[in-house]
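Since the structure comes first, as structure tokens, the remarks are kept for the end.
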Amino acid sequence: MSYMIAQFGQKCRVLFGGITETFRFASIAFRAFLEFQKWNRGASLRVIMDQVRYTGLGAMPSISLISLIFGFIVIVQALPVLLDLGANRLIGKIMVIAIVREFGPLLTAMVVICRSGTAIAAELAVNKVMGEIEVLESMGIDPFHYIVVPRMVGGAISVFCLTVYFDLIALSGGFIVASLRLIMPFDLFVTYFFDALTMEDVTLSTIKSLIFGTSIPIICGYHGLIRTGRATFEVPMVARDGVIRCMFFIFLMSAVISAAFYLV
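Numbering (the numbering used here), first residue to last: 365 to 628.
See the structure below:
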């Protein structure tokens, strides 16, 4: 029994230690972001554009398919209830709650974590193992300015744009069902949606997407740069841990932000 308690305590200590180190890493990254005058503008801009190209444009096919199916499923599940109640106008409210408020930013972040989060953690871990980070430091280049901050900026831009794209495609999927089942014209569907949409909903979705887009490179970058030792077998391990902790953080923050907006 004492052994189990000791093991549990050890795991908790490691967990909270990792959380503390991640926040310390994030604080350094944000401080580096504010020191924009020290950036190598040309090199940093190239890294940002590469990150947007890979994270944003590269994820669009996956986002298109997932969002279209999700919008289709939301209306398929809600439509029988709406028809029984004779409350067709609520179709807009359901789309706002399910897509704009919650699952648009959340599912977009999940796709980005699976594609780009894994790649960031693995890439930086390989750089660390191969000694490339030390080479940058020996040349007087701050890894945070050249590696971490551009990925933060590129991630925030990508997730925000992908969230907007997800919402639009999901609404298209919902309209397909509504038009077939209710013979609902497009202008009426759009009217119901915008009648239900408020500035608070837009603000919530924007805040979530920017926080998620910034957090994914930070958490995965922490695992790639800090948690990696000198052995190549650690690379897949830190990539796995980075993805798991990213997902946990994203779900937690989604719940916290929604509660802060609508319960407080």
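Quick reminder that beta carbons are idealized off the backbone N, C-alpha and C, glycines included.
Note that the structure is a prediction, hence the values are computed from the model and not measured.
Through-space distance from Val438 to Arg453, alpha-carbon basis: Per the coordinates, the alpha-carbon of Arg453 lies some 15 Å from the alpha-carbon of Val438.
For the alpha helix (DSSP H) containing Met459, name the first residue and the last one. In the DSSP assignment, Met459 falls within the alpha helix (DSSP H) that extends over Leu454 to Met459.
Could you spell out the range, first to last residue, of the alpha helix (DSSP H) harbouring Asp605? For Asp605, the enclosing alpha helix (DSSP H) stretches over residues Glu598 to Tyr626.
Consult DSSP for Pro549 and reduce its assignment to one of helix, strand or coil. DSSP places Pro549 outside both helix and strand once states are collapsed to three, so it counts as coil.
Option in Phe597, Phe613, Val517 and Gly585 with minimal Cα separation from Leu574: It is Val517 whose Cα lies nearest to the Cα of Leu574.
For Glu498 and Val512, what's the separation of their Cα atoms in angstroms? Distance between Glu498 and Val512, taken at the CA atoms: about 15 Å.
Run through DSSP, which three-state label would Asp506 get? Here Asp506 sits in coil by DSSP.
Hey, how far is the Cα of Ile458 from the Cα of Thr562? Rounded to whole angstroms, Ile458 to Thr562 spans 13 Å at the Cα level.
Please report how far the alpha carbon of Tyr626 lies from the alpha carbon of Phe615, in whole angstroms. Computed Cα separation, rounded: 17 Å.
Quick one: give me the first and last residue of the alpha helix (DSSP H) that Leu561 is part of. Segment: none, Leu561 is in no alpha helix (DSSP H) and carries neither H nor E.
How would you write the range of the alpha helix (DSSP H) that Ala489 sits in, first residue to last? Run containing Ala489: Thr482 to Val493, per the alpha helix (DSSP H) assignment.
Taking 9 Å as the threshold (C-beta atoms), are Gly435 and Phe539 in contact? In this structure, the beta-carbon distance from Phe539 to Gly435 falls below 9 Å.
Whole-Å CB distance - Arg515 paired with Val411, under 8 Å assumed: The pair is a contact, with the Cβ atoms about 7 Å apart (cut-off 8 Å).
Using beta-carbon positions only, say whether Glu385 and Ile590 come within less than 9 Å of one another. Closer than 9 Å, so yes.
Would the beta-carbon of Ala473 fall within 9 Å of that of Val523? Taking 9 Å as the Cβ cut-off, Ala473 and Val523 qualify as a contacting pair.
What residue does the alpha helix (DSSP H) around Ala442 start on, and which one ends it? Going by DSSP, Ala442 is part of the alpha helix (DSSP H) stretching over Met424 to Leu449.
Can you give me the Cβ contacts of Ile392 inside the same chain, cut-off strictly under 7 Å, excluding the 5 residues immediately before and after it? For Ile392, where only same-chain residues beyond five positions count, the Cβ hits under 7 Å are Phe508.
Three-way DSSP call (helix, strand, coil) for Ile590 in this model: Here Ile590 carries a coil assignment [DSSP, helix/strand/coil].
In this structure, does DSSP put Glu399 in helix, strand or coil? DSSP places Glu399 in coil when its eight states are reduced to three.
Segment contact flag, the stretch 545-563 with the stretch 484-504, C-beta cutoff 8 Å, min 3 pairs: Judged by Cβ distances under 8 Å, the stretch 545-563 makes no contact with the stretch 484-504, as fewer than three pairs qualify.
C-alpha gap between Thr567 and Ala623, whole angstroms: So the alpha carbons of these two residues sit roughly 14 Å apart.
Is Ala462 helix, strand or coil by DSSP? Look at Ala462 here: in three-state DSSP terms it is helix.
Count the other CB atoms, across all protein chains shown, that sit within 10 Å of the CB of Gln441; report buried if there are 16 or more and exposed otherwise. The residue is exposed, with fewer than 16 neighbouring Cβ atoms inside 10 Å.
If you draw a straight line from the C-alpha of Phe576 to the C-alpha of Gly422, how long is it? Going from the Cα of Phe576 to the Cα of Gly422 covers about 18 Å.
Using the C-alpha atoms, what's the distance from Thr555 back to Arg395? CA-to-CA, the gap between Arg395 and Thr555 works out to about 44 Å.
What is the C-beta distance between Gly420 and Leu488, in whole angstroms, given that I count them as a contact (C-beta under 8 Å)? Actually they are not in contact, since the Cβ atoms of Gly420 and Leu488 sit about 20 Å apart, beyond 8 Å.
Where does Ala595 sit, in a helix, a strand or coil, going by DSSP? Coil.
Whose C-beta lies closer than 8 Å to the C-beta of Arg465 among residues of the same chain, with five residues either side of it excluded? Result list for Arg465: Asp565, Leu568, Ser569 and Ser622, in chain order.
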